[in-house]
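To convert, note that position 333 of the sequence shown is 333 in the UniProt record's numbering; the numbers rise steadily by one, no gaps. Don't be surprised by glycine CBs; every beta carbon is placed ideally from N, CA and C. What follows is a set of notes on a single structure, which appears directly below.
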Amino acid sequence: MTVYVESIVEDASAETDQALALLESKKKAWAALPLSAKIDLLDEVRGRLIDKMVTWGRLGADAKASTDGELVKLEMFTSVTIPAAYIHKLLLTLRTLAATGKAPQLPVRTTASGQLAVQVFPTNQDRTKLLLPGASAELVLRPEIKEVRQAEPYDVDGLVKEGREGLCVVLGAGNHGMLALRDVLMCLYERGQVVAVKPHPLWFKWHAVTDYIMQPLIQAGFVRSFYLPDVAATQALVYHPKVDCVHMTGGTATHDAIVWGSSAEEQQRRRLANDPLLKVPITSELGCVTPFMVAGWTFTASQLQAQGENLVVAMTSNVGCNCNSAKVLVLPGDWPQEAAFLEKVRAVLRGTPMDPPYYTGIQKRYQAFKERYPRSEVIEGPPRKASREGLGPNLPYLINIMDELPADPKAEYAFNVEPFAPVLTVVRLPTRGPEEFLEAATRFANEQLWGTLSCVLVLHPELEKAHPKAAQKAIDNLRYGVVAVNAWAAVSCAMGSCTWGAYAGDQTIADVVSGLGVVGNTYMIEGLQKAVFRTPVEGPAVPKPIKFQNVPWRIVQAVLGFIVGGWYGALGALWAQ
């Protein structure tokens, strides 16, 4: 019913109308801008990342209701490194495209299933490999794709192809501010579109610094930030007739409200009529009940410790409010080291600070999980004091160990509801030997857990040597957008080489599951199915709790400066605001 959409648009403020008109007028200008000029603008953005990094860190911690110095440093670290890694890889692709008319040519192999897999990490030009020794990453193409195609939005002269230009609305995530910055750059450079970005209200102050970072693009008229106060104003932006597409990071419920309407009744009516409220394409990065699978083997004490820390970081980071947060630990029922591993996990949890429960609805979701599983083990870490009132108590970590698999996994709460809270469910599969477990764990993750965004599979190197076909079959058959072997999938998202998004299956806007499309496709490879990221079972590439307490501010600033701009950047970062 277009009348509803028109009524929303009529409520758009004159400022929003005017801003969108200006953006629309820049669509063809961006498409026709020489690639060298696009590169210069992006390089200016990169150079600005370090200017206000301390302010970024403080505002990021403030958004998460904390003034704790360690959390400030952590927010500063993630706010800078993730966009920096993305921009570095994107600049490499764009400069190669400008110089040769082609994107960087990467090693390609054919998998056992006949699919093409492109190696995106490590590469000779990538200094990130020094930080992730032993890590590798491939992008696997869909079965029907028989040749690697790159940089499709661009002509050989580096201009955006006719018909590719557009105006995209980017709806920023509520759990991380830096994701909106990456999404803006993705729309501009990977798609050839100008951008209207609407940050989440929680991140308004943080995003104001991002406006400084993006100033070269804003001043040129290719990007505009919309600080909209309420749902009605956001609807007026999203459904505006000048908007060509939407990209969002958030939850499935939000996606469905945008696409099908705000009430259950309206959604049902529109679905039956195949009449979406949103009339333009939408891409999305949504949620997942993320599995963390450990294939049984004889691990050393240090390997168990490394993977215990890996799991805890994946479970507790950002109070468990991540789309890739570990939610279901899948173990073999015949693993002799299960008790030792779980004790490692408990010990790490006891030393992991309980951050303020800042995210909207987290107390309610946590209590719902606790009521469903009243026998859950409660583990407390040292609490971090909240910087604002009204959030409720800090949340101890919950471990829900299932004695046996439920009779109806499809109806099991923990398998189907993403809690967005610091909780973990543990299941044991009744299997014997690693090959049987790998097959059963793959089937369980694919068929019984909601979502297809990312998963973690822990494989001991000796297991892979002893059972190479079974290990590779599991990696190949897991239907997740990122299959991370031995490390939390967030590392792949942060390195700038791997794509991030749901597995390219049969999802549609009517049944979107974990989303449509990918972000972070810095090599601009078409036809992607999933990414496979691998690290050793222990070592620097495997995440562990970051301890910033004793690291001087100047050291953190210098390291971030080096990541952004080499030695010159390290020196400049010492004067960051």
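request  = Could you give the DSSP three-state label for Ser376: helix, strand or coil?
outcome  = coil
task = Just the C-alpha distance for Met1 and Lys364, rounded to the nearest angstrom, thanks.
result = The predicted position of Met1 is uncertain, since its pLDDT is 26 and thus under 50; a value taken from the coordinates is nonetheless stated next. Using only the alpha carbons, I get a separation of about 34 Å.
task = Compute the beta-carbon to beta-carbon distance between Asn394 and Val423, rounded to the nearest angstrom, for a pair I have assumed lies under 8 Å.
result = Incorrect: roughly 14 Å between the Cβ atoms, too far for contact.
Proximity of Val148 and Val118 at Cβ, strictly below 8 Å = yes
inquiry  = Can you tell me whether His460 is helix, strand or coil according to DSSP?
reply    = coil
ask   = So what's Gly565 in DSSP terms, helix, strand or just coil?
value = helix
key: Whole-Å CB distance - Pro543 paired with Asn175, under 8 Å assumed   = Between Asn175 and Pro543 the Cβ distance is about 17 Å, and since that is not below 8 Å, they are no contact.
inquiry  = Assuming Ala326 is part of the beta strand (DSSP E), what are its boundary residues?
reply    = 326–332
request  = Whole angstroms is fine: what's the gap from Glu404's alpha carbon to Arg372's?
outcome  = 16 Å
request  = With DSSP collapsed to three states, give me the class of Ala531.
outcome  = strand
key: Whole-angstrom distance between Lys52 and Trp488, CA atom to CA atom   = 29 Å
3 or more residues per run - each beta strand (DSSP E) lying fully within the stretch 230–282 = 245–249
query = Can Lys38 and Tyr212 be called in contact, C-beta distance under 8 Å?
reply = no
inquiry  = From the DSSP secondary-structure annotation, give me the bridge partner or partners of Pro291.
reply    = Val328
task = Would you check if the distance between the CB atom of Met293 and the CB atom of Val458 is smaller than 8 Å?
result = yes
ask   = Thr254 to Ser25, Cα distance in whole Å?
value = 30 Å
When Ala510, Pro552, Ala29 are compared against Leu272, the one with the closest alpha-carbon = Ala510
query = Considering Thr55, what are the terminal residues of the alpha helix (DSSP H) in which it resides?
reply = 53–63
ask   = Does the distance from the C-beta atom of Leu286 to that of Val512 stay below 8 Å?
value = yes
message = In the DSSP assignment, the beta strand (DSSP E) including Thr316 goes from what residue to what residue?
response = Looking at the DSSP string, Thr316 is not in any beta strand (DSSP E); the run it does join, the alpha helix (DSSP H), is 301–316.
task = Quick one: grab the DSSP three-state call for Ile50.
result = coil
query = Should Ile379 go down as buried or exposed, given a rule of 16 or more other Cβ atoms within 10 Å for buried?
reply = buried
inquiry  = By the DSSP assignment, the beta strand (DSSP E) with Lys217 in it spans what residues?
reply    = Correcting the residue type first, residue 217 is Leu in the shown sequence and not Lys. Segment 215–219 is the alpha helix (DSSP H) holding Leu217; no beta strand (DSSP E) there.
query = Per DSSP, what kind of secondary structure is Gly501 in: helix, strand or coil?
reply = strand
ask   = What are the start and end residues of the beta strand (DSSP E) that includes Ser492?
value = It is not in any beta strand (DSSP E) - Ser492 instead sits in the alpha helix (DSSP H) that spans 490–494.
ask   = Buried or exposed: where does Gln235 fall if 16 or more other Cβ atoms within 10 Å of its Cβ makes it buried?
value = buried
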